[in-house]
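Residue numbers (the numbering used here), protein chains in the order written: chain A, 810 to 1176; chain B, 810 to 1176; chain C, 810 to 1176; chain D, 810 to 1176.
Contents: one structure, followed by commentary.
There are 4 protein chains.
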Amino acid sequence: MSGNTLGTLFTVTNFGESHGPAIGCVIDGCPPGMELSEADIQIELDRRKPGTSRHVTQRQEADQVEILSGVFEGKTTGTPIALLIRNTDQRSKDYGNIVETFRPGHADYTYWQKYGIRDYRGGGRSSARLTAPTVAAGAVAKKWLRERMGIETRGFMSALGEIPIPFVAWEHVRENPFFAPNAEIVPRLEEYMDALRKDGDSIGARIGVMATGVPAGLGEPLYDRLDADIAKAMMGINAVKGVEIGAGFASVAQRGSVHGDEMTPEGFAANNAGGVLGGISSGQDITVSIAIKPTSSIRTPRESIDKVGHSATVETFGRHDPCVGIRATPIAEALLALVLIDHALRHRAQNGDVVTTTPHIAAHIAK
Amino acid sequence: MSGNTLGTLFTVTNFGESHGPAIGCVIDGCPPGMELSEADIQIELDRRKPGTSRHVTQRQEADQVEILSGVFEGKTTGTPIALLIRNTDQRSKDYGNIVETFRPGHADYTYWQKYGIRDYRGGGRSSARLTAPTVAAGAVAKKWLRERMGIETRGFMSALGEIPIPFVAWEHVRENPFFAPNAEIVPRLEEYMDALRKDGDSIGARIGVMATGVPAGLGEPLYDRLDADIAKAMMGINAVKGVEIGAGFASVAQRGSVHGDEMTPEGFAANNAGGVLGGISSGQDITVSIAIKPTSSIRTPRESIDKVGHSATVETFGRHDPCVGIRATPIAEALLALVLIDHALRHRAQNGDVVTTTPHIAAHIAK
Amino acid sequence: MSGNTLGTLFTVTNFGESHGPAIGCVIDGCPPGMELSEADIQIELDRRKPGTSRHVTQRQEADQVEILSGVFEGKTTGTPIALLIRNTDQRSKDYGNIVETFRPGHADYTYWQKYGIRDYRGGGRSSARLTAPTVAAGAVAKKWLRERMGIETRGFMSALGEIPIPFVAWEHVRENPFFAPNAEIVPRLEEYMDALRKDGDSIGARIGVMATGVPAGLGEPLYDRLDADIAKAMMGINAVKGVEIGAGFASVAQRGSVHGDEMTPEGFAANNAGGVLGGISSGQDITVSIAIKPTSSIRTPRESIDKVGHSATVETFGRHDPCVGIRATPIAEALLALVLIDHALRHRAQNGDVVTTTPHIAAHIAK
Amino acid sequence: MSGNTLGTLFTVTNFGESHGPAIGCVIDGCPPGMELSEADIQIELDRRKPGTSRHVTQRQEADQVEILSGVFEGKTTGTPIALLIRNTDQRSKDYGNIVETFRPGHADYTYWQKYGIRDYRGGGRSSARLTAPTVAAGAVAKKWLRERMGIETRGFMSALGEIPIPFVAWEHVRENPFFAPNAEIVPRLEEYMDALRKDGDSIGARIGVMATGVPAGLGEPLYDRLDADIAKAMMGINAVKGVEIGAGFASVAQRGSVHGDEMTPEGFAANNAGGVLGGISSGQDITVSIAIKPTSSIRTPRESIDKVGHSATVETFGRHDPCVGIRATPIAEALLALVLIDHALRHRAQNGDVVTTTPHIAAHIAK
């Protein structure tokens, strides 16, 4: 049973390989009547696309999206929205050296074991390139959340390797290729990346992502809790190894008298919860943090085996991100938006429009 | 859309409230022909049940399970296995003081906002008591994984509040109420808990859980990756705020030349991956770590609001775990087992029995 | 992958065997805030239960339902509603003769082939007894549809064997054990059944079921069309071999100028559509007709084989309905209600409340 | 919640509109390692495509399929197979007259009511053109069923309007545009259709579809019975109003001593069951019959209303099939194949390869 569909009511079915003819997705369940154009989607794809700075892969892909269905006279019709992105820069010769051997840290070995056949060109299906359709679908979700519910999802880099990035302001995020919320630290990040590239090595990163304007009431316990679905979506991003909500791992050493966010008639006094209590949104901001491992494709030679189990040494040439975390921010935002729209529709199915029962902590779902 | 079913092929549908007549679950998709008795399930329920030491809630529940269906002449028939646990110790008077106010850190407020109605007796549906049916279902999954695939899932406490618990040996785990893999540290943990109870406060914990014997090939990318489904299951446990696989958050500061596990003809040289590459199991051990927040129900008075939005002070009396993490180990094991059996069946659906293609890193799924 | 869950948003997970300790179901997704008691459910179970006339099985089952969860202070809470019915009359000795042989027309052979193990007591899981939990869940759906949307689902017998039953009036349906909408024909039906029992044989029947008050707009094409889901639900009833919507098989010989229902400002001029156009409800009444095969358990000896493939003669003694169609009416009503509530919630998820765009053909979904 | 995905393990997600840029689908869950080319799919699309005789719509569409993903070096990889068909003959001016009025018997009114917005060009999403992606996906399913399990699905026309078509031989089916299994009757069918076109009217049809080589054991009761899923798939075809399995509606007047198929060591003595007992395949041929209503788009003027509820007269010009049943045979075959492959994978998930327990009625699932 393949698992290429995300969501239950607002579903995204992803297809394609890194070096096949095209990648894309089908969105099913988008509410009708929303204005939607290719430009609405392109703006998010452009934030993720490769080749935008010297710190990311130099593969040249315009990532131009075509809407194939589901939009009529500029509006969504409630029927499936198919999005197509043609692959254009498929220099597959770069990847010839990995046909017979498995790159350490990569999915080469596991795809081979699972399917008995593997598209080795650029990582095939396991390539981070397949986050592009997710980002495209996320753009649709973001637009609906913003226009109908006043919800915004935004992300930023909070650490690059061992360098923590103190949050200064959201405005900084869009002004540097790292999505760092801190303009001052950018030169240091650039130096760090330049040294790393020279070493032929790669590094991890930490990304923060949050949503504001989320009403109380979203989430479907016992199992499809909002935080559980966020954790799944985030851990499903290529290279992610950890997910925290709110206080996260810091809550291990917290006392109950510190962790539990007190409430006042004006709202919550803190946000250790990260916006989720009992698996349901509380009306606080949703705050998430994710750990991204270093890119596995590095120029440094590494020990591995080949298909028949013999020792082999692998060096990866070709075009790779030395820190996949750099382009992860728009991806994490997209996934948070996709989880939220799915839960907004799920909530509406069973409960209809939210009726705010506590006057001072307002929370609405409008169509 | 309610989300009370876990899994896609081996599904668990959970029902019940803390103080209603009964709790339980229906397992659908369990393969036929496996010997199964109530004793097989009871053993896991007994590991989780309350009242077993002075460090956990004193609620008296035998948590006696009854198999209502799906087993004939001592064997599973492939039809739904319904498990029933009657609630017996429902002293609901303990909970009267939370009818009108919302306990900080609890799901009181969010359930109220979501459904407009809330069973306030003992937390109702949001009570950690509802992990019992999950543990019962997990016992069935564990048995199948052990007998048919040679997979074991085991957990332990790795930190209690600020006290790290160095791993010594699995044998220690079952000999103390903390599931600590370190007998020597137990007196210190007991002292710590005694002091905490005296303070009327609570504390967080960190739990490690792992699976051995997992063949390569389990996991369904792009979205239903094995690590993603593990993250969902773990984050879905009451009070969990963070999930790591393998190196987890430590991978942020790792270099690619360190993180990517090298392979040799004898196997992997390390396990930063935590047993998952590209969302598919690699044949390494699956290693997971989760952060559990401190119990929100504490005797210390806290600020909150009531249903009409006025200020209120909340003190929680009654029977509560001062560290919900203490009983979390069998729950985390159960969930890891439930994810693994689901993915084992999903793999088999599409691929049939795994054909091991690399001779030296063997990986099998047998029925 | 077992298929014991019906529906997508209002789901019913069915468990139990004919002669096991209990049967029941878990309803997940019922909207909160609806008054619900065991009496609301019992009334529908009593319409279906055995032993109510000499024309049906004489098995004595009170079919007493217990609500285990999901209702608090008399109202649904939006969490799973578990319903339990204990089996009380399990005279399993009646069924000893079918342990080693397969009854023609029965599921004995196919369950054996599928699972390799089979609960032979009273048909085990394949018994029509398992329609009781479906009827119980249908009672909950019916109540919600009636109270929140003004929808009624009703059925009747339209033919018993070769005897067509002309529709006279709904009032007649509840006054005879056949659910015949025609009091005058009842003596003839009774005679017919008496003769049949004397012959040791059984007979088929045709049941009509319809829904009134259904708004336009329910149904999720392309594949989850309303008529498609109705067909699935109906064909899923034990012994059903055919399903028609509207004109059904008569439409084969109709011309387009006759079949297509003309519209006027006052409404549709006919109902060949059976209330569904393009897979979406039209606001006309939903009309369905189903064919039910004769009971396979008959006293007449029949040729078959045993488990090792040898010839065997099978005679079925014990307690059986000579026409399973007699008790099928409440089952068909329940399933139509379950499909409609599921589609009402699905529609609401994506579209919110229906906005009636044509003033004269009003159609509303109210919570 | 949109319902554009068919199946649970072998899923088909359909997208597109009659006059949009493209139609297509994404298949998820196809087992890896099967040879697959565009030619394998094109052959089935060509059987369904318009313009192949004077008795069907004259719209010119090559229905050329492009495989966008999921196939590498000529073999399926186990990842999603995206299929794209560009629309080329979109003379949308033909359809201008239905922008403001609802055609009787069409989905115009119900789409408008459901979504509040409607792509009126050629029926938009409700067009029978959208069966093309289903047929394309069915070609993949057919190939796998044939090569791995020895299952064949085949269909034929069994009645055109009031003309029954006695079955003579399968060879005849592919030699006439009606898919009639009877060469002798073809001239009469042609005359009938010519007269109908002259009248500006349309007619219904009955289609038979069957599968041979199906092993015992496929089907997932209680609700996802094989017959139930077949009924859903068939009723989901545009214009279908009735579905029968085996004896179908004839079973209403059958006695149990006639209907129940006796078994002998050599196999079943009859096939009233249509190959399904208790919702599980029996090893007999699967036999299905469906009723297709007459096309609603006819030249004869008909009464209707417009969007504001006023009376209107509708005449449909443009290119339409006077009997949609003529092209329905390959569609029904495709859907039967899609249901069977889905159930074959579902069975394998829970049970592994079928173990034949009765030696003389062999039934295998091989990968």
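In this text, a Cβ means the ideal position worked out from N, Cα and C, and glycines have one as well.
Bear in mind the structure is a predicted one, so any value in this text is a computation, not a measurement.
Using the Cα positions of residue 893 of chain A and residue 1027 of chain C, report the straight-line distance between them to the nearest angstrom. 30 Å
Quick check: is the beta carbon of residue 892 of chain A nearer than 7 Å to any beta carbon in chain D? no
Can you check whether the C-beta of residue 967 of chain C is within less than 7 Å of a C-beta belonging to chain D? no
Going by DSSP in three states, residue 973 of chain B sits in which element: helix, strand or coil? strand
If we ignore side chains and look at the alpha-carbon of each, how far apart do residue 858 of chain D and residue 1030 of chain B end up? 35 Å
By a C-beta neighbour count over all protein chains shown, 10 Å radius and 16 as the cutoff for buried, is residue 1003 of chain B buried or exposed? exposed
Report the start-end ranges of each beta strand (DSSP E) in the region 1074 to 1152 of chain D that is 3 residues or longer and not cut off at the edges. 1095 to 1101, 1111 to 1114, 1120 to 1123
I need the boundaries of the alpha helix (DSSP H) containing residue 1035 of chain C, first residue and last residue. 1035 to 1044
Residues in the same chain with beta-carbon distance under 7 Å from residue 928 of chain B, minus the five sequence neighbours each way, listed in chain order, please. 826, 934
Quick one: measure Cβ to Cβ for residue 1042 of chain C and residue 1144 of chain C, integer angstroms, because I've assumed they're closer than 8 Å. 4 Å
I need the straight-line Cα distance from residue 866 of chain B to residue 1129 of chain B, nearest angstrom please. 5 Å
Can you give me the C-alpha to C-alpha distance between residue 1118 of chain B and residue 918 of chain B, rounded to a whole angstrom? 11 Å
In whole angstroms, give me the CA-to-CA distance for residue 959 of chain C and residue 1000 of chain C. 39 Å
Between the CA atoms of residue 1131 of chain D and residue 1108 of chain D - distance to the nearest angstrom: 10 Å
For the region 820 to 833 of chain B, list every residue whose C-beta sits within 8 Å of some C-beta in chain D, in sequence order. none
When Cβ atoms are compared, which residues of the region 1000 to 1021 of chain C fall closer than 9 Å to chain D? 1005, 1008, 1009, 1010, 1011, 1012, 1013, 1014, 1015
Should the region 1148 to 1162 of chain C be called in touch with the region 813 to 831 of chain C, which here means at least 3 C-beta pairs below 8 Å? yes
Can you name the residues of chain C whose CB is closer than 9 Å to the CB of residue 1155 of chain A? 818, 1158
Element boundaries [alpha helix (DSSP H), containing residue 997 of chain B]: 995 to 1008
Measure from the C-beta of residue 813 of chain C to each C-beta in chain B and report whether the shortest distance is under 7 Å. yes
Meets three-Cβ-pair contact criterion under 8 Å: the region 834 to 841 of chain D and the region 949 to 968 of chain D: yes
Which value, in whole angstroms, describes the spacing of the CA atoms of residue 1009 of chain A and residue 1068 of chain B? 14 Å
Note down, in chain order, every chain A residue with its Cβ under 9 Å from the Cβ of residue 926 of chain D. 841, 842, 881, 882, 884, 885, 886, 887
Count the other CB atoms within 10 Å of the CB of residue 1103 of chain A; is the residue buried (16 or more) or exposed (fewer)? buried
Return the CA-CA distance between residue 1024 of chain B and residue 878 of chain A, expressed in angstroms with no decimal places. 41 Å
Is the CB of residue 1055 of chain C under 7 Å away from at least one CB in chain A? no
Using the Cβ count rule (16 or more neighbours within 10 Å means buried), how would you classify residue 1122 of chain B? exposed
Neighbour-count burial assignment, residue 846 of chain C, 16 or more Cβ in a 10 Å radius: exposed
Test item: CB-CB of residue 964 of chain A and residue 1141 of chain A under 7 Å: yes
Exposure label - residue 1120 of chain A; buried when at least 16 CB within 10 Å: exposed
What are the uninterrupted segments assigned as beta strand (DSSP E) that are 3 or more residues long and contained completely in the region 1043 to 1068 of chain C, given in chain order? 1049 to 1054
From the beta carbon of residue 958 of chain D, is the nearest beta carbon of chain C less than 7 Å away? no
Rounded Cβ spacing between residue 1040 of chain A and residue 1052 of chain A (contact assumed at less than 8 Å): 5 Å
Taking residue 812 of chain A as the reference, give the member of B:1089, B:957, B:994 with the closest Cα. B:1089
Short of 7 Å Cβ to Cβ, which residues in the region 1020 to 1037 of chain A face chain B? 1025, 1026, 1029, 1030, 1031, 1032, 1033, 1034, 1036, 1037
From the beta carbon of residue 859 of chain B, is the nearest beta carbon of chain A less than 7 Å away? no
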